[in-house]
Amino acid sequence: MHLLQTYPETIADGEGIRYAIYLSGCIHHCKNCHNPNSWNPKAGVPLTDDIISNIIKDINNNPLLDGITFSGGDPFYHPADFFKLIKRFKEETGLSIWCYTGYTFEELKENPSMKIILPYIDVLVDGKYIDSLHSPFISFRGSTNQRILKLKKGEVLKEITD
Ligand code: SF4
48 MHLLQTYPET
58 IADGEGIRYA
68 IYLSGCIHHC
78 KNCHNPNSWN
88 PKAGVPLTDD
98 IISNIIKDIN
108 NNPLLDGITF
118 SGGDPFYHPA
128 DFFKLIKRFK
138 EETGLSIWCY
148 TGYTFEELKE
158 NPSMKIILPY
168 IDVLVDGKYI
178 DSLHSPFISF
188 RGSTNQRILK
198 LKKGEVLKEI
208 TD
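In the numbering used here, the protein residues as written are 48 to 209.
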């Protein structure tokens with residue numbers, strides 16, 4: 048698993064001030080993707096244990112943070128690695144986790160290795176970016192097909208609308 052980029056304090060990737068972690072690799076190849084460099088799973092640097100520990104330390108030392116956001120790329124590109132990673136972040140920070148993905152919630156539920164990740168996610172922003180549905184008037188998404196889903200124990204509690 049490769050790390051593309053981190054943003055230690057951002058207000059663009061979910062509610063409040065969040066530590067955003069961009070992971071490499073994406074199979075969706077959406078037209079006019081915001082970051083096609085992220086499609087290559089080898090982009091960025093290998094996400095080593097030392098890097099993970101340092102990010103967790105930074106997060107736990109920043110009382111201003113409201114949560115963590117995983118984006119990319121698609122964090123579900125390497126489901127087995129992402130499962131271990133997100134579990135560790137949840138257990139070692141206790142913060143809320145937002146996650147962006149090009150898969151829909153329903154697609155994730157159908158895949159056993161992806162489904163087990165959902166209980167660690169508090170808010171899922173799902174679906175591919177569809178250029179013809181682009182809107183500058185929606186929060187935290189690029190196109191109107193994408194949903195902001197509040198999850199609990201891996202199930203949808205409610206959809207957050209603008
Ligand atoms: S899912 Fe996101 S990162 Fe992947 S191609 Fe679509 S817009 Fe780009």
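For each residue, glycine too, the CB sits at the ideal point set by N, CA and C.
Along the chain, where does the beta strand (DSSP E) containing residue i start, and where does it finish?
{"i": "T57", "result": "49-57"}
{"i": "I195", "result": "194-199"}
{"i": "Y66", "result": "65-70"}
{"i": "E202", "result": "202-207"}
Considering only residues of the same chain and omitting the five flanking positions on each side of residue i, which have a CB-CB separation below 7 Å?
{"i": "L204", "result": "K197, L198"}
{"i": "A90", "result": "H49, L51, S71, N84"}
{"i": "H76", "result": "W86"}
{"i": "G63", "result": "D113, G114"}
{"i": "L94", "result": "M48, H49, L50"}
{"i": "P88", "result": "H49, S71, G72, Y124"}
Cutting at 8 Å between CB atoms, please list the residues of its own chain near residue i, excluding the five before and the five after it.
{"i": "K200", "result": "P166"}
{"i": "D60", "result": "Y54, A67, T116, S118, W145, Y147, F187"}
{"i": "I207", "result": "V170, I195, L196, K197"}
{"i": "F129", "result": "M48, L70, F117, P122, F123, I164"}
{"i": "R135", "result": "I99, I103"}
Could you name the residues of the same chain whose beta carbon sits closer than 6 Å to that of residue i, not counting the 5 residues immediately before and after it, in chain order?
{"i": "G174", "result": "T151, N192, Q193"}
{"i": "P126", "result": "S160, M161"}
{"i": "S190", "result": "Y176, I177, L180, H181"}
{"i": "L142", "result": "G114, I115"}
{"i": "K78", "result": "D178"}
{"i": "E56", "result": "I64"}
Any chance the CB of residue i is under 7 Å from a heavy atom of ligand 1?
{"i": "C80", "result": "yes"}
{"i": "K175", "result": "yes"}
{"i": "S182", "result": "no"}
{"i": "G141", "result": "no"}
{"i": "G119", "result": "yes"}
{"i": "H75", "result": "yes"}
{"i": "S85", "result": "yes"}
{"i": "G114", "result": "no"}
{"i": "G61", "result": "no"}
{"i": "G201", "result": "no"}
{"i": "G91", "result": "no"}
Which partner residues of residue i appear in the DSSP bridge assignment?
{"i": "D173", "result": "R194"}
{"i": "H292", "result": "Since the displayed the chain opens at 48 and closes at 209, residue 292 lies outside it and no answer follows."}
Does chain D have any CB closer than 8 Å to the CB of residue i?
{"i": "G149", "result": "Protein chains in the displayed structure number just one, and chain D is not present."}
Quick one: complete alpha helix (DSSP H) runs, 4+ long, within the region 83-163?
Within the region 83-163, the runs of alpha helix (DSSP H) that reach at least 4 residues and sit entirely inside it are, in chain order, 96-107, 126-140, 152-157, 159-162.
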